[in-house]
Amino acid sequence: MNTEEIAERMPPGLREWLGENASLAERIGNGRPWAAVLGAPDRAAEWAAGCEPPARETMMLIVRRFAGLPFEEDKLLQAAAEEGRWTGAETRVAMQRLRADGILFAVRKAWGDRLFYLPSDMVGVWQRLLLPTHSEPVAPEREADIAARSSDYRLPLSLELLHAWSAVRRYGLPLTAKGAPHKAAIAKIAAAIRLEGAALAALGFAAVGGDPTPPQMALALDLGLHAGVLERGKAEIRVKPDGAARWLEGTAAAIEAKLASIVTLRYAGQDPALHYAATAVGMVVPGVWYREADVAAAKPGSPASQAIGTWLEVLAAFAWVDRGTLDGREVFRWMIDPDPERAARAAPLPDGLERYEVLPDLEIVVPPEVPPGARWALEEIAERASSDVVSLYRLSRSACERASRQGHTPASVAALLEAGSGAPLPEAASAALDDWFRRLGRVEIAETALLRVDEPGLADQIGADAEAAALLAERIGDRYFVVREGARKALEARLAALGYPPSPPRSGPADPGGDDAAETAAVDAGWAYRRQILSFYELDPTPPASPDELFPGLNDVPATWLRQPRAYHASTIRELVERALHWGTALRVRRKTGEEGPEWITFVPQAVSGSSEGWQVSGLVRGAADRDASDRPPAASRATLAADGIGELMIVLPEAEPRLRTID
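Numbered as in the working numbering, the sequence shown ends at 666 without a single skipped number.
Rendered as structure tokens:
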């Protein structure tokens, strides 16, 4: 769920307590809508610059472990315990801080359990702020030494999709009763795509539940439905003309960048390691070579390091990155700018580069700069002969027949070609269009409603009635009338008034004007299997937990346990230790004289063992040593304290929220 969806569905209770946050209230008070405030990168940067370490590192942990996927509180606490940096209490308090600041949100399942999540469109923002990539590009003088992985030309993803969607427009895509595409239709449309299915394995497009759709076709359907270029009805998937027109507006570079953003959120977002890799790769400067290992910034063989290579395979299949080797190490560079805002702000192409050329021999030469919108029009009125760096189309009789069925005339085809080429049509092309269209559209096979009567006399009587006659287009023979379009119900009512109610229609095809698309519109647009969809649940309006909720029994413990270290009886010491263990928080401990190690330590208890007489507590000594490369607490930070070795102690509660700092 992204920030816009959160703003649209925000219940009053959630809106009310979020509005108590000073930073949010100031921005809302300035007239900015909730979606713009929650998704503002400048607010995120301000928060990151001023937040306290536990909240900051909890955010880093969420980004690394979960990305935009929902998680339960216990899963986050487990992840925090594995890293050994903060106590469970500190992590829980940090979660409340993140919720109060409008950064972390929750939904409530039907049975009451809560799922927490970061808005999907903010995960990349937070990673750039909290986990930036610090990689140096390959020196320009070394670029000549890079050995390219492949010299084969690949079409950019936008063109692969355009070809697939054009095939859907041309051939149609009927669905079976179970909602799966017909195999023959899928095979015909998939032939228009050159993407290799194996390269898409990381996106999760393997056949699910017997779906025969090849991965590359599943990708085209999913992105087409998500973008609104395609729509799904009860019996078919079809092109949605107005949606296609909206999607295809803009330059080729802008549409490619828009696709890169969608692919990252929609597919990499289903796997935290892949999303982390995708965002890291997206941070580097386009057009410049980088070493893959430097961008990964992770231990070789780790999930993050492996995910970088996997994601780059996907990007290479989409013709978005170029890969190679330098000194035996993998390198890559962006071939597009993946940032939609930068791509939209890019300087326009020099005049004429976005034009294609119509030749006298009826071929159309299409350079790579021609925008997808112009190519989409060519797909409707011409035959694609080849697709490469420069593509070729050809005007033909069969293409004109297809264009005629879409309502085109010689004049409309000529107008499209002249607009796309910026020049008058060659005479040979104009003559060919006129010749091919001359025989088109002169005859038509129409589906219409007929009024049939059982004998000519009754037909004469109905034809003589002025009201009934106004609803009839023409008489065919002595017993049939063509019913005017849209007049069927009115004619049925008039015939009943005349004393001749019509019989129910015999079996026939369903009304093609049904609202099957409208009925399916409520379903999440797309074809790919998605992990848990948060829009199925209601946003949780419950405010952040109070101290009593975070630390059950807080008001029942003596205040001295929380204020300063003191010496206690052995049984009371155990009570303090067990209370800290129950709350998941730390202890400030002064060891008795003669004990090995520093006198004062901050100790995080993990387990109590032994009898009431000789018990001991094991746990972690905070700050005893740095963590190792695996992010696990090193052995040097682990310790076991005997009951008789503890001199003074107190419970240390986290200090993340002002209301938790003073406990009376």
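Ideal Cβ placement from N, Cα and C applies to all residues, glycine included. None of the values given here were measured: they were computed from a predicted structure.
What span of residues does the beta strand (DSSP E) with residue i cover, start to end?
i: residue 336; result: 331-336
i: residue 609; result: 602-611
i: residue 324; result: 323-328
i: residue 5; result: Here residue 5 belongs to no beta strand (DSSP E); instead the alpha helix (DSSP H) covers 5-11.
i: residue 642; result: 640-644
i: residue 667; result: No statement about residue 667 is possible, as the shown extent of the chain runs from 3 to 666 and does not include it.
Grab the span of the alpha helix (DSSP H) containing residue i for me, first residue to last.
i: residue 418; result: 412-423
i: residue 90; result: 90-102
i: residue 125; result: 125-132
i: residue 64; result: 55-67
i: residue 38; result: 36-40
i: residue 344; result: 342-347
i: residue 118; result: Element bounds for residue 118: not the alpha helix (DSSP H) but the beta strand (DSSP E), 116-119.
i: residue 579; result: 572-585
Check whether the Cβ atoms of residue i and residue j sit closer than 8 angstroms, and answer yes or no.
i: residue 148; j: residue 333; result: yes
i: residue 653; j: residue 623; result: no
i: residue 90; j: residue 79; result: yes
i: residue 226; j: residue 163; result: yes
i: residue 592; j: residue 567; result: yes
i: residue 107; j: residue 8; result: yes
i: residue 485; j: residue 453; result: yes
i: residue 728; j: residue 313; result: Outside the shown range of the chain (3 to 666) lies residue 728, about which nothing can therefore be said.
i: residue 117; j: residue 72; result: yes
i: residue 231; j: residue 167; result: yes
i: residue 291; j: residue 335; result: yes
i: residue 214; j: residue 182; result: yes
i: residue 258; j: residue 338; result: yes
i: residue 127; j: residue 229; result: no
i: residue 306; j: residue 262; result: no
i: residue 376; j: residue 422; result: yes
i: residue 465; j: residue 471; result: yes
i: residue 563; j: residue 552; result: no
i: residue 103; j: residue 23; result: yes
Using only CA atoms, which one of the options lies nearest to residue i?
i: residue 369; options: 375, 363, 359 and 378; result: 359
i: residue 605; options: 616, 236 and 587; result: 587
i: residue 328; options: 141, 177 and 459; result: 141
i: residue 411; options: 438, 502, 573 and 27; result: 438
i: residue 642; options: 106, 143 and 607; result: 607
i: residue 260; options: 181, 159 and 541; result: 159
i: residue 245; options: 238, 253, 233 and 252; result: 233
i: residue 341; options: 49, 649, 177 and 267; result: 267
i: residue 399; options: 393, 392 and 407; result: 407
i: residue 499; options: 441, 546, 469 and 32; result: 469
i: residue 378; options: 256, 201 and 250; result: 250
i: residue 424; options: 562, 153, 104 and 366; result: 366
i: residue 154; options: 390, 432 and 577; result: 390
i: residue 585; options: 561, 612, 554 and 151; result: 554
i: residue 352; options: 343, 590 and 372; result: 372
Quick one: residues in its chain with C-beta nearer than 6 angstroms to the C-beta of residue i, no 5 flanking neighbours on either side, listed in chain order?
i: residue 6; result: 37
i: residue 4; result: 121, 122 and 123
i: residue 518; result: With a pLDDT of 47 at residue 518, under the threshold of 50, the modelled position of this residue cannot be trusted; read the value that follows with caution. If we look at residue 518 and ignore the five residues flanking it on each side, its Cβ neighbours are 235 and 236.
i: residue 362; result: 428 and 430
i: residue 515; result: Because residue 515 carries a pLDDT of 38, less than 50, the predicted location of this residue cannot be relied on, and the following value inherits that uncertainty. Here the set comprises nothing.
i: residue 320; result: 159
i: residue 482; result: 452 and 454
i: residue 656; result: 91, 92 and 95
i: residue 156; result: 321
i: residue 270; result: 276, 277 and 280
i: residue 496; result: 469 and 470
Is there at least one Cβ from chain C nearer than 8 angstroms to residue i's Cβ?
i: residue 55; result: Of the protein chains in the structure, only one exists, and it is not chain C.
Spatial neighbours of residue i within its chain, please: CB distance less than 7 angstroms, with the 5 preceding and 5 following residues excluded, ordered by chain position.
i: residue 581; result: 559 and 653
i: residue 405; result: 382, 383 and 415
i: residue 297; result: 135, 137, 282, 283, 286 and 310
i: residue 12; result: 36 and 541
i: residue 575; result: 645, 648 and 651
i: residue 19; result: 545
i: residue 419; result: 360 and 427
i: residue 185; result: 214
Tell me which residues share the same chain as residue i and place their Cβ nearer than 8 angstroms to its Cβ, disregarding the 5 neighbours each side in the sequence.
i: residue 201; result: 315, 316, 318 and 319
i: residue 255; result: 338, 339, 345 and 348
i: residue 139; result: 286, 287, 290, 291 and 292
i: residue 176; result: 183, 184, 187, 237 and 238
Problem - Sequence ranges, alpha helix (DSSP H) only - wholly within the region 141-176, length at least 4 - result: 159-173
Practice task
Would you list, in sequence order, the uninterrupted beta strand (DSSP E) runs of no fewer than 3 residues that lie entirely inside the region 224-277?
Solution key: 232-234 and 238-241
Handout entry: Complete runs of the alpha helix (DSSP H) confined to the region 463-489 [at least 4 residues]
Key = 468-471
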